[in-house]
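A.B. asks:
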Amino acid sequence: MNPVLWLELRVRVRERKLWIVSLLFLLCLLVMACVSVFGMGRGFNEEAPSRVGQPLGYANAFCLLALLLILGPLAGAGRIAQEREQRTLAGLLNTPLSPAGIVWGKLAATWCFVLWLGALSLPFFVTASLWGGFSARRLLGSMAVAVIAGMTTATLAVGLSGFFNRSLTSYLTTGAVMFFWIAAWPLLGTFVGEFWSPADSHAREVFQTTVSYVFFNHNPATAMMATLGLHRDDSMGDPLHILCYALTLWTALGAGAFRLAMRGLKRGLSDRL
Amino acid sequence: MTTAPTPLRIEALSVRYPNGTVAVNRVDLTVVPGEVFALVGPNGAGKTSLLKAASGVMAPTGGTVRCGERVVTGDPRVASRWLCLMPDPLGVYNDLTAAEYLEFFARALALPAAARGAAIAAAVARLGLEPWLEHEVETLSAGWQRRLALARVLLADAPIVLLDEPASGLDVAARVDLLALVRTLATEGRAVVITSHILPELEQLGDRFGIIERGAWVSVGEGRTCFTRAELARGFGRPTWRVTCSDAERARQILGTERAEPLPEPDVLLVHADDAESAAAVLTALVQAGVKIYSFQPQKTTLSELTLRALGRKLAAGVAAQGETQP
């Protein structure tokens, strides 16, 4: 077992905040489930359980995605910066562990956390599935998209943390990057789509598809919509294409973040007086 | 020690920080197996940067580091096969017990699973860490944290050991134990480089010394930068005698201010004389002038005095005393 992963798991499992976060995570899912089942005054109908199963499934999927997009980066941000901050990096580097091994250990621990949260959400998805909301394929698909998106954002956070000496800076930068990617960039895409559109119908279609791929289709929310068959219109592209595109881009982002973290480690302590 | 004794060779090593500060400026150093090299210098002189660059955890901007014949410059992973650094300040992981800390480093140092327990037990026994194994590292006193870091050094079992301020924060008894341990490490065939501000103890421990300031060696006289303990005792420059007499002021007037140097202690003088004959002549002159001589002996140079002199600073009693007692 990777020593860094061993260390991270050992320490994190003992931290009280892991269990508090897990509890709050479950509470959020429970509240969302209650709102989706009872919130619209429909209540549970024994005759047609799928009436609540479907909204419950959607609520679960998007709530899980939102939570993992917040908690994944929070778990990853500062992982390497913290080593610098608590002055443990010199000791860690002075071992046969390679920078890749160190980053991999940090990353795997973060992924374990995301997977743990994904596993916690399983009963909610199963309930939605049992009530006819989701097919098994959709259930697994939506969970996988949420978990992979969480792992990708966590990887980005770990990558960025290799670049900073202070974990607070790392957290803030990660937050800014996530906000830009998840919220600001699609918003910009909306403005671009609304205010600048070619007159020719073919050109408009090409333009809209391009805008979709540049601004929206790599967004985890779009990938989730594509998985659940909720994507906006055909101009966004085929759901399978959207998913493949998103997963490819996320993989590339993750690989880039991994390299960034390694570069950060190799930079060593050169800027620390 | 499982690895063969290996010398450390540093050639023209330089470290320049991104802000332009030159922390280490073309430093050469060779430390052979069995030798304790003591690195002395004021705060910010470049000692820590030198050790970090030598271990590869900090990328040097120039120069070469060799462990034996193998070039390990800027590659801490390769360097860790021969070289173990105990850094200062000593970082500790929160929420980790001392036992887990050692287990983690035993794993990180790639000790085989079967040998891990025995190696940890041996290090723990050697440093008396048994009562603290279940305590969280961050709750240990600075002294016990140092010992824990030393346990990591023992686990690494490297032929070259770099100790950056290992005595910092240790009480007297712990410092004595530390000195004995470092001496043992050298006796076992390791090349040891140590930095400390506790110069009297460093003087006892070091086989060879070097004074560094602004990232470069400081000349101690006779064109020398590094010197042995014997050379330190002999002193550099003109031989000096320490004279305790009935009237130091009068003796100084007789001998001249260039030849006699007052010390803060009352009735004590330092007298410069080129050889034993000249010293005898000085002694005769003083006795004939009616000055009572209580003692007359060759002055041994201490590391503190030599360091202050080499750094061009006044040897004031207060400064010297601070050097003697600084924790």
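Top to bottom, those sequences are chains A and B.
Each residue of the first sequence is one higher than the one before, counting from 3 in our numbering.
Each residue of the second sequence is one higher than the one before, counting from 1293 in our numbering.
Ideal placement from N, C-alpha and C gives every residue a C-beta, glycine not left out.
Along chain E, in chain order, which residues have C-beta atoms closer than 8 angstroms to that of B:TYR1385?
C.D. replies: Protein chains in the displayed structure are A and B, and chain E is not among them.
A.B. asks: Note down, in chain order, every chain A residue with its Cβ under 7 angstroms from the Cβ of B:LEU1331.
C.D. replies: Those do not exist, as B:LEU1331 stays about 17 angstroms from chain A at its closest Cβ, beyond 7 angstroms.
A.B. asks: Rounded to the nearest angstrom, what separates A:TRP133 and A:LEU71 at their Cα positions?
C.D. replies: 27 angstroms
A.B. asks: May I ask you to report which of helix, strand or coil DSSP gives B:PRO1553?
C.D. replies: Residue identity differs from the one stated: residue 1553 of chain B is Glu in this sequence, not Pro. DSSP places B:GLU1553 within a strand segment (E or B) once states are collapsed to three.
A.B. asks: When you compare the stretch 1382 to 1394 of chain B with the stretch 78 to 95 of chain A, are there three or more beta-carbon pairs, one atom per stretch, that lie closer than 8 angstroms?
C.D. replies: Touching, yes, given that three or more Cβ pairs across the two stretches are closer than 8 angstroms.
A.B. asks: Among residues of its own chain, excluding the 5 on either side of B:CYS1518, which ones have a beta-carbon nearer than 6 angstroms to its beta-carbon?
C.D. replies: ARG1500, GLY1502
A.B. asks: Any C-beta of chain B sitting closer than 8 angstroms to the C-beta of A:LEU20?
C.D. replies: no
A.B. asks: According to DSSP, simplified to helix, strand and coil, what is B:SER1460?
C.D. replies: In this structure, DSSP gives B:SER1460 a state outside helix and strand, which the three-state scheme calls coil.
A.B. asks: Could you tell me which chain A residues have their CB closer than 9 angstroms to the CB of B:SER1306, listed as they occur along the chain?
C.D. replies: Here the premise fails: no neighbours, minimum Cβ distance about 12 angstroms.
A.B. asks: Do you know offhand how far A:MET145's Cα is from A:LEU262's?
C.D. replies: 28 angstroms
A.B. asks: Who does B:LEU1378 pair with in a DSSP beta bridge?
C.D. replies: What sits at residue 1378 of chain B in the sequence shown is Met, not Leu. Paired residue(s): B:LEU1455.
A.B. asks: Are the C-beta of B:GLU1426 and some C-beta of chain A separated by less than 8 angstroms?
C.D. replies: no
A.B. asks: My assumption, with CB atoms under 8 angstroms, is that B:LEU1447 sits in contact with B:ALA1410. Please give the rounded CB distance.
C.D. replies: Not a contact, Cβ separation roughly 11 angstroms.
A.B. asks: Please report the residue range of the beta strand (DSSP E) in which B:ARG1672 lies.
C.D. replies: The requested residue 1672 of chain B does not occur in the structure, where chain B is confined to residues 1293 to 1619.
A.B. asks: With B:SER1570 as the anchor, note down where its alpha helix (DSSP H) starts and where it stops.
C.D. replies: Segment 1568 to 1580, the alpha helix (DSSP H) holding B:SER1570.
A.B. asks: Taking Cβ positions, are B:PRO1531 and B:ALA1573 nearer each other than 8 angstroms?
C.D. replies: no
A.B. asks: Ignoring anything shorter than 3 residues, give me the beta strand (DSSP E) runs that lie fully in the stretch 1309 to 1381 of chain B, in order along the chain.
C.D. replies: 1314 to 1323, 1328 to 1332, 1354 to 1359, 1375 to 1378
A.B. asks: Return the residues of the stretch 99 to 129 of chain A that lie within a Cβ-Cβ distance of less than 7 angstroms from chain B, sorted by chain order.
C.D. replies: LEU99, SER100
A.B. asks: Report yes or no: is there a C-beta of chain B within less than 8 angstroms of the C-beta of A:THR97?
C.D. replies: yes
A.B. asks: Could you give the first and the last residue of the continuous alpha helix (DSSP H) run that contains B:ILE1490?
C.D. replies: That residue, B:ILE1490, is in no alpha helix (DSSP H); it is neither H nor E in DSSP.
A.B. asks: Which residues in chain B have a C-beta closer than 7 angstroms to the C-beta of A:ALA164? List them in chain order.
C.D. replies: In the sequence as presented, Ala is not what sits at residue 164 of chain A; that position holds Gly. In chain order: nothing, as chain B lies at least about 15 angstroms away.
A.B. asks: Kindly confirm or deny that the stretch 1586 to 1597 of chain B and the stretch 1531 to 1541 of chain B touch, where touching means at least three C-beta pairs closer than 8 angstroms.
C.D. replies: yes
A.B. asks: Which whole-angstrom value is the C-beta distance of B:VAL1300 and B:CYS1376, which I expect to be below 8 angstroms?
C.D. replies: What sits at residue 1300 of chain B in the sequence shown is Leu, not Val. Between B:CYS1376 and B:LEU1300 the Cβ distance is about 12 angstroms, and since that is not below 8 angstroms, they are no contact.
A.B. asks: Does A:GLY177 get closer than 8 angstroms to chain B when you measure Cβ to Cβ?
C.D. replies: no
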